[in-house]
Amino acid sequence: MALVHSHPGGLPWLSEADRRLQVQSDLPWWLVCRGAIHKFRCVPHLTGRRFEHGVTDCYTLFRDAYHLAGIEMPDFHRGDDWWRHGQNLYLDNLEATGLYQVPLSSAQPGDVLLCCFGSSVPNHAAIYCGDGELLHHIPEQLSKRERYTDKWQRRTHSLWRHREWHASAFTGICNDLAAASTFV
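Reading the sequence shown from the start, the letters are residues 1 to 184 in the UniProt record's numbering.
Below, the structure is given as structure tokens:
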């Protein structure tokens with residue numbers, strides 16, 4: 001079962017009100033826009049999530065944010081502490097999933113920051129939101145927006161952008177962030 005509605009002449013992303021209602025309904029929503037159907041599975045709001053490695057972690061947040069922006073990322077098994085067991089899951093998989101590395105100086109909203117969080121290999125992903133903010137999820141904390149301070153800049157390994165990304169896609173992420181901040 002899914003809820004189907006349209007945005008005639010509008011944008012192919014769920015609006016702030018759509019996201020609020022989708023989370024309340026717990027249903028997939030299909031959006032008809034400009035002659036195409038855009039399917040959105042019901043994902044929790046991007047902020048305020050509890051951390052559980054491999055279930056609701058930084059990769060899940062990145063994957064769900066991109067889903068709301070209209071880009072599907074694969075899910076894959078990731079054992080706890082994979083970075084301590086010789087694996088390098090981000091660098092081994094990002095290019096195959098459509099991302100390419102860009103200079104940090106060209107950061108745009110929606111780009112993915114890879115960080116080394118207590119590790120020599122990148123083991124943490126964050127979404128750059130622009131205006132010196134990032135969206136991320138670290139262990140023992142709720143997912144949140146946070147300033148991209150020196151602390152995170154020192155931990156940054158690299159910056160990545162999806163081949164299908166365009167600036168207006170960030171609208172889908174922003175609409176969820178706004179819906180979550182006004183959610184009651």
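Quick reminder that beta carbons are idealized off the backbone N, C-alpha and C, glycines included. Since the structure is predicted, the reported quantities are computational estimates derived from the model, not experimental observations.
Opening and closing residue of the beta strand (DSSP E) in which residue i lies
i      : result
Cys116 : No beta strand (DSSP E) holds Cys116; DSSP gives it neither H nor E.
Leu3   : 3 to 6
Presumed contact (8 Å Cβ cut-off) between residue i and residue j, rounded CB distance
i           : j      : result
Arg34       : Pro12  : 7 Å
Leu14       : Asn175 : 6 Å
Ile138      : Gly110 : The pair is not a contact, with the Cβ atoms about 20 Å apart (cut-off 8 Å).
Pro121      : Trp160 : First, the residue type needs correcting, since residue 121 is Val and not Pro in the sequence shown. With 8 Å as the limit, Val121 and Trp160 do not qualify as a contact, their Cβ atoms being about 15 Å apart.
residue 191 : Leu46  : Absent from the structure is residue 191, since the part of the chain shown begins at 1 and ends at 184.
Leu142      : Gly48  : 5 Å
Close beta carbons around residue i, own chain, < 8 Å, minus the five adjacent residues each side
i           : result
residue 186 : Any question about residue 186 goes unanswered here, given that the chain covers just 1 to 184.
Trp82       : Leu89, Asn123
Phe117      : Asn123, His124, Ile138, Arg155
His7        : Ser15, Leu31, Val32, Cys33
Val23       : Cys42, Pro44, His45, Ala179, Phe183
Neighbourhood of residue i by C-beta distance below 7 Å, restricted to the same chain and skipping five residues each side
i      : result
Met1   : Leu27
Arg147 : Gly132, Glu133
Ser178 : The sequence shown places Ala at residue 178, not Ser. Only Glu16 meet the Cβ criterion.
Arg78  : Gly54, Tyr59, Leu89
Close beta carbons around residue i, own chain, < 6 Å, minus the five adjacent residues each side
i      : result
Trp30  : Ala2, Val4, Ile37, Lys39
Ser158 : Gln101, Leu114
His162 : Ile71, Gly98, Leu99
His53  : Asp80
Residue-level contact to chain D via CB, residue i, 9 Å cutoff
i      : result
Gly130 : Given the protein chain composition of this structure (a single chain), no chain D is represented.
- Note down, one range per segment and in chain order, each alpha helix (DSSP H) of at least 4 residues found wholly within the UniProt domain "NlpC/P60" (25 to 171). With a minimum length of 4 residues, the unbroken runs of alpha helix (DSSP H) contained wholly in the UniProt domain "NlpC/P60" (25 to 171) fall at 58 to 68, 89 to 93, 150 to 155.
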